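The structure appears right after this line, and notes come after that.
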Amino acid sequence: MTEPLLLKAQYGDGYIMIGFSRGIFVVISTHIREIGQEVFQARDHKDNLTSIAVSQTLNKAATCGDNCIKIHDLAELKDMYAIINLDDENKGLGTLSWTDDGQLLALSTQRGSLHVFLTKLPILGDACSTRIAYLTSLLEVTVANPVEGDLPITVSVDVEPNFVAVGLYHLAVGMNNRAWFYVLGENAVKKLKDVEYLGTVANICLHSDYAAALFEGKVQLHLIESEILDAQEERETRLFPAVDDKCRILCHALTGDFLIYGTDTGVIQYFYIEDWQFINDYRHPVSVKKIFPDPNGTRLVFIDEKSDGFVYCPVNDATYEIPDFPPTIKGVLWENWPMDKGVFIAYDDDKVYTYVFHKDTIQGSKVILAGGTKVPFSHKPLLLYNGELTCQTQSGKINNIYLSTHSFLDSLKDVGPNELRQMLTQTLMLKRFSDAWEMCKILNDQAAWNELARACLHHMEVEFAIRVYRTIRNVGIVMSLEQIKGIEDHNLLAGHLAMFTNDFNLAQDLYLASSCPVAALEMRRDLQHWDIALQLAKRLAPDQIPFISKEYAIQLEFTGDYVNALAHYEKGITGDNKEHDEVCLAGVAQMSIRMGDIRQGVNQALKHPSRVLKRDCGAILENMKQFSEAAQLYEKGLYYDKAASVYIRCKNWAKVGELLPHVSSPKIHLQYAKAKEADGRYKEAVVAYENAKQWNSVIRIYLDHLNNPEKAVSIVRETQSLDGAKMVARFFLQLGDYGSAIQFLVMSKCNNEAFTLAQQHNKMEIYADIIGSEDTTNEDYQSIALYFEGEKKHFQAGKFFLLCGQYSRVGQAKDELLTSQLIDHLMGESDGMPKDAKYLFRLYMALKQYREAAQTAIIIAREEQSSGNYRNAHDVLFSMYAELKSQKIKIPSEMATNLMILHSYILVKIHVKNGDHMKGARMLIRVANNISKFPSHIVPILTSTVIECHRAGLKNSAFSFAAMLMRPEYRNKIDAKYKKKIEAMVRRPDTSETEEATTPCPFCEFLLPECELLCPGCKNNIPYCIATGRHMLKDDWTVCPHCDFPALYSEFKIMLNTESTCPMCSERLSFAQLKKISDCTQYLRTEVEQ
39 MTEPLLLKAQ YGDGYIMIGF SRGIFVVIST HIREIGQEVF QARDHKDNLT SIAVSQTLNK
99 AATCGDNCIK IHDLAELKDM YAIINLDDEN KGLGTLSWTD DGQLLALSTQ RGSLHVFLTK
159 LPILGDACST RIAYLTSLLE VTVANPVEGD LPITVSVDVE PNFVAVGLYH LAVGMNNRAW
219 FYVLGENAVK KLKDVEYLGT VANICLHSDY AAALFEGKVQ LHLIESEILD AQEERETRLF
279 PAVDDKCRIL CHALTGDFLI YGTDTGVIQY FYIEDWQFIN DYRHPVSVKK IFPDPNGTRL
339 VFIDEKSDGF VYCPVNDATY EIPDFPPTIK GVLWENWPMD KGVFIAYDDD KVYTYVFHKD
399 TIQGSKVILA GGTKVPFSHK PLLLYNGELT CQTQSGKINN IYLSTHSFLD SLKDVGPNEL
459 RQMLTQTLML KRFSDAWEMC KILNDQAAWN ELARACLHHM EVEFAIRVYR TIRNVGIVMS
519 LEQIKGIEDH NLLAGHLAMF TNDFNLAQDL YLASSCPVAA LEMRRDLQHW DIALQLAKRL
579 APDQIPFISK EYAIQLEFTG DYVNALAHYE KGITGDNKEH DEVCLAGVAQ MSIRMGDIRQ
639 GVNQALKHPS RVLKRDCGAI LENMKQFSEA AQLYEKGLYY DKAASVYIRC KNWAKVGELL
699 PHVSSPKIHL QYAKAKEADG RYKEAVVAYE NAKQWNSVIR IYLDHLNNPE KAVSIVRETQ
759 SLDGAKMVAR FFLQLGDYGS AIQFLVMSKC NNEAFTLAQQ HNKMEIYADI IGSEDTTNED
819 YQSIALYFEG EKKHFQAGKF FLLCGQYSRV GQAKDELLTS QLIDHLMGES DGMPKDAKYL
879 FRLYMALKQY REAAQTAIII AREEQSSGNY RNAHDVLFSM YAELKSQKIK IPSEMATNLM
939 ILHSYILVKI HVKNGDHMKG ARMLIRVANN ISKFPSHIVP ILTSTVIECH RAGLKNSAFS
999 FAAMLMRPEY RNKIDAKYKK KIEAMVRRPD TSETEEATTP CPFCEFLLPE CELLCPGCKN
1059 NIPYCIATGR HMLKDDWTVC PHCDFPALYS EFKIMLNTES TCPMCSERLS FAQLKKISDC
1119 TQYLRTEVEQ
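Heads up: the sequence shown begins at 39 in the working numbering, then just goes up one per residue.
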């Protein structure tokens, strides 16, 4: 290479930098594997390069030439760190050199001048509350308040300071043993004074009125502005420690109220400025290197010579070790945001660690590590406010960093649920419950709400926990928390909360430390932890030991530990609490029996007043096969059934016999009866069987052993026993009394056997008479009819064919004489006893004598009506109406009228149920006008008519029917509920009446009231609507598809919204099946006799 070599410099781990005069510099390696290899090459200067210099401290390299200096970072040579232009140096540049600490870079020039550049400022800064002061150049300090947003104030200082301190109203800078004080005004800064100290100042602290300087192991506390304050002379200044105190002060701090310092002997002293005296001291095993109080001075972080960190609370003189505290920590800052009092950070060169001091938790006070945040190179933290860290840089500027533990303070709009859950954990660590609440609202997740609620309980935030549990509707815990929220005793409250979180051992410790230690005993009793409860009771409430012993014994008995149960029952006996002692004595009796000490157990049970105990002990003994003792206890306890049962098991029949009058169990009577029967003592056996309600056995013994058939027959008749009837029938069969045998076979439902017997012995008339009075099937009637038909006894055959519904067979004989004979029989002409009209009706139908059948139907309906069976009467008339209509026979007008009135009555219930009182009232008026057809319900129907008319506004009609009810024959039958109301109606009549609407007659269009069925114009009977009872309208016509009865289409449609059947024929019907009929002419042809 022809280019002359200027300079070489070695740096790092075996690298050489070489500069060439033409402006190029290269880096080569001296490592064995890379020897001679060029690592980097760059042309820094266009024309010439005069010098290169390397600073190992800064890790920077500088080259000069072409009127400029270029600085590279050795870690990344490609990146240019800085360029310094020197336009005035036209004769060329000379040599470069760094100072050892890299703070200054010097350059000589051909012109004979020397340039010195400052490469980095000393990082000097301080903070007081939210005000910070930091060095911005060698002779300039800037004071700012980034939180309150005040404009920064620049202060020019006289010397290059070694230390900077700021207070609420003052700034101090200094070097060696001197400090210069400045007063900070609103817009201007005024130099106040300079103070000379007795030694080289290590650092200085300011607050409102006082300054404290640390020098050579001593601290001098003095007023900043002594002439302004009218102070006593001795309060102007004081030197610490006292002369007789052989210790060196290593660190100090100043708050609004206290001077605090730490010594090489491990003492932390609190000096109260207002009273000018020491108020607190704490002795640590080793020397205290650094202290950092919070803004109020009520909490303090200190670092000892082992580089361990602690939080100290002077209020209760307690220290708490800081977990995971790195030994490289340079300093600590407390959170200045007033809501986050327990948060502080510890920092080293690379990282900031966020800690939280939890003062009030269920487990007591403790410090936790919340997380860490990377810090850019050469950033020194000055101030922490609401998660925002203000740092000072080497260039004399400040830079803000947000702690990773406070990421939830950013916008939560686009954050996913997993990140939200992580943020929720952060907020709970920092006790930021309001922020956690907002996150839970966004997540809307039960698990998140529960996590927040548990954290509130952990931190003893009872009010907030109630609010959370209310939101998730956990009523039980809300009620529990409401009961304890006013408790002032910290340990008692923490105990309750520990119990709610199922930490029972901690709860017990807290209760015992509280003003109410008995709560620990109550908790263990509620949890049924009887062992611990007994131990606590010995200390706290000896009078409770018997009661706890009893409860413990019950549990031990339940788990089968009878030995210990017995011991605890015995311990539980008090001698003065009767009810409690009875339970314990009962337990002693039962446990004694279970342990095998039967005599003692039985004696205890017999002496004890409780019947239940005797029963329970008896049951235990019975299981142990100790029958005689068990029976004795049952008997003493008046459990006669059980006693008799056990006596039976040990075959003590004499005792069973004594107890029988008291025994109610049929099973025991039965066992006794069987035993007596086996012994041949039938009279005693039959009594026992009767008591056991074993009628078949009673009948058997009366027939087989006691030869008393009369008694057996009377029992069969009384009990209707089928098996008993069979036995009696068999008995009579053996005697040859076939009539009685048939009777008892029919009674035992053995109709086939009875029929065969009657056939064999020609006793069919007897069988027929017996079966006619029983509830008999058609098949049985048919069998008899066929028998008589075979015997050519047509009259009897016809009678039984009629009974089994084969009406055509009745008339098969075509014998008028026989037919008239049958009719006379049914009418009761022959024997003076008329038979059921239904049979006559069916006969007329079989003979196709429809008119006579119709008349019979009217009679049947009238009978049903008289009995109050209106639905049955309606159905009889409807079926006859349908039959006559299908046979195209004119319907008798009496039948049509009766059906219409009965149908009107049925419609009342439907309308009243649906709340349509007007329609109900109109139908009731129609029914009431024909009240003679309802003889068994005159008063209830008239009462309903009065009520419904009153409800529908038909006051005049209500009055007229009320007056009818006042007749002597009805008055006393009125329901007491309505009597006074109806009497008042009659005394003060209201004759107002809602006018009935008029609609056209479908025959002649004459306008008549809608419930009127006889047209005054054309004198026609108008068909009525089966849904409303009103007369039909031409343009609103439909029919039921099943029974073909007409209805108003619009009204029937409304009815089928609530009903599912036709009111006339009761067939299932839906609205979809209805069809509107446009031409109703065919339905206007009269089917009824006029």
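The C-beta atom is built at its ideal place from N, Cα and C for all residues, glycine as well.
Model, not experiment: these values are computed from the prediction.
By the beta-carbon neighbour count (other beta carbons within 10 angstroms, threshold 16), Cys1056 is exposed.
The region 422-430 and the region 344-361 do not touch, with fewer than three beta-carbon pairs separated by less than 8 Å.
Beta-bridge annotation (DSSP): Thr1099 is paired with Arg1106. Residues Trp314 of the same chain have their beta carbon placed closer than 6 Å to that of Arg273, with the five preceding and five following residues left out of the count. Checking the DSSP bridge columns, you'll see Leu173 partnered with Val179.
Under DSSP, Asp319 forms a beta bridge with Gln307.
If you compare the alpha carbons of Leu922, Leu259, Ser924, Ala899 with that of Val914, the shortest gap goes to Ala899. For the pair of segments examined, the region 159-174 was found not to touch the region 112-127: the number of CB pairs separated by less than 8 Å stays below three.
Under the 8 Å Cβ criterion, the region 502-511 does not count as touching the region 441-457, having fewer than three qualifying pairs. Counting the other CB atoms within 10 Å of its CB gives Thr1076 a total of 16 or more, which places it among the buried residues.
The DSSP-derived three-state label of Lys576 is helix. For the 8 Å CB-CB criterion, Pro1040 and Cys1118 form a contact. Rounded to whole angstroms, Gln887 and Lys926 show a C-alpha spacing of 13 Å. Burial is judged here by how many other beta carbons sit within 10 angstroms of a residue's own beta carbon; Gly514 has fewer than 16 and is exposed.
DSSP, read as helix, strand or coil, puts Arg216 in strand. Contact between His912 and Leu937 holds: CB atoms are separated by about 7 Å, below the 8 Å threshold. Each of Gln464, Ile480, Ser442, Glu476 was checked against the Cα of Pro455, and the nearest Cα belongs to Ile480.
In the three-state reduction of the DSSP assignment, Thr392 falls in the strand class, which pools E and B. Around the beta carbon of His941, a 10 Å sphere encloses 16 or more other beta carbons of the protein chains shown; the residue is thus reported as buried. Cβ-Cβ distances below 7 Å link Thr431 to Ser416, His417, Asn437 in the same chain, with the five nearest sequence neighbours on each side left out; the list follows chain order.
The three-state reading of DSSP puts Lys328 in strand, counting E and B together. Put simply, the backbone Cα of Arg216 is about 10 Å away from that of Pro199. Judged by beta-carbon spacing, Thr392 lies within the 8 Å limit of Val381, meaning their Cβ atoms are closer than that value. Scanning its chain for C-beta atoms nearer than 7 Å, with the 5 sequence neighbours on each side dropped, one finds around Asp125 the residues Asn105, in chain order. For Phe999 and Ile985, the gap between their C-alpha atoms comes out near 10 Å. Counting other Cβ atoms within 10 Å of its Cβ, Leu277 stays below 16 and is therefore classed as exposed. Under DSSP, Ser135 forms a beta bridge with Ala144. Phe1090 sits buried, since 16 or more C-beta atoms from the chains shown fall within 10 Å of its C-beta. The beta-carbon separation of Ala603 and Gly625, rounded to 7 Å, stays under the 8 Å limit for a contact.
Rounded to whole angstroms, the separation of the alpha carbons of Gly255 and Cys285 is 8 Å.
Closest option to Ala959, judged by alpha-carbon separation, among Ala990, Gln593, Lys951, His245: Ala990. Fewer than three beta-carbon pairs drawn from the region 1020-1029 and the region 1040-1052 are found closer than 8 Å, and the two stretches are therefore not classed as touching. Relative to Glu526, the option among Thr509, Ile1020, Lys379, Cys554 whose CA is nearest is Cys554.
DSSP lists His290, Gln307 as the beta-bridge partner residues of Tyr299.
Around the CB of Asn1095, fewer than 16 other CB atoms lie within 10 Å, so the residue is classed as exposed. Scanning its chain for C-beta atoms nearer than 6 Å, with the 5 sequence neighbours on each side dropped, one finds around Tyr590 the residues Trp568, His606, in chain order.
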